[in-house]
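Mapping the sequence shown onto the numbering used here, position 46 (from 1) lands on 69, and the numbers just tick up by one.
All C-beta atoms in this analysis are idealised placements derived from N, C-alpha and C, irrespective of residue type, glycine included.
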Amino acid sequence: MRWNLFAAAVATVLFQFPTPSFGQAKLPDFLEEPHTAYADSVLATLTLREQIAQLLMPPIYAHATRENWDEMERWVETHQLGGVIAMQGAPAPYAERLRRLQDRAQIPLLVSTDAEWGLGMRIDSTRSWPRALTFGAAND
24 MRWNLFAAAV
34 ATVLFQFPTP
44 SFGQAKLPDF
54 LEEPHTAYAD
64 SVLATLTLRE
74 QIAQLLMPPI
84 YAHATRENWD
94 EMERWVETHQ
104 LGGVIAMQGA
114 PAPYAERLRR
124 LQDRAQIPLL
134 VSTDAEWGLG
144 MRIDSTRSWP
154 RALTFGAAND
């Protein structure tokens with residue numbers, strides 16, 4: 024019991040001292056002043072509604088109907104959405120439709136996907152990786 028109390032006290036004292044850090048010596052380039060100044064200048068040109076819209080990323084599907092894509096294009100043009108999440112479909116229709124959305128956006132769209140086990144999870148004819156359960160079962 025005394026040993027555990029002593030070890031806890033020593034650990035508490037040692038954690039109070041600063042330790043040298045051998046991590047990044049300087050900020051990454053994307054955090055340097057010119058980049059943040061540009062982002063701030065673009066943000067200053069937007070209305071509050073457009074700033075809020077920059078936080079939104081609705082899902083898009085490659086095999087959606089023409090009406091759905093027309094509506095998405097209207098959203099990008101009128102509300103200035105911040106990005107889209109690619110869900111399911113083939114690469115070729117996505118490439119064409121994403122190009123059309125980017126052409127209509129005043130600010131480039133952030134395109135993302137939910138692909139924790141590879142791009143093949145959402146985009147057909149692309150590679151899939153083993154699922155997390157498989158890695159856990161490897162017992163490595």
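Considering only Q111, L121, F158, the residue with the shortest C-alpha distance to M144 is Q111. DSSP links L79 through a beta bridge to no other residue.
With respect to the 8 Å criterion, V134 and V99 are not classified as neighbours on the basis of their beta carbons.
Look at T59 here: in three-state DSSP terms it is helix.
Here G105 is actually not in contact with L124; their C-beta atoms are around 12 Å apart, not less than 8 Å.
Judged by DSSP in its simplified three-state form, L133 adopts strand.
Rounded to whole angstroms, the separation of the alpha carbons of E139 and S151 is 9 Å. By the neighbour-count criterion, in which 16 or more other beta carbons inside 10 Å mark a residue as buried, A85 falls on the buried side. The beta carbons of A113 and D147 sit about 5 Å from each other, so the pair counts as a contact at 8 Å. With a 10 Å radius around the Cβ and a threshold of 16 neighbouring Cβ atoms, I75 comes out exposed.
In the three-state reduction of the DSSP assignment, A109 falls in the strand class. Around the Cβ of Q129, a 10 Å sphere holds fewer than 16 other Cβ atoms; the residue is exposed.
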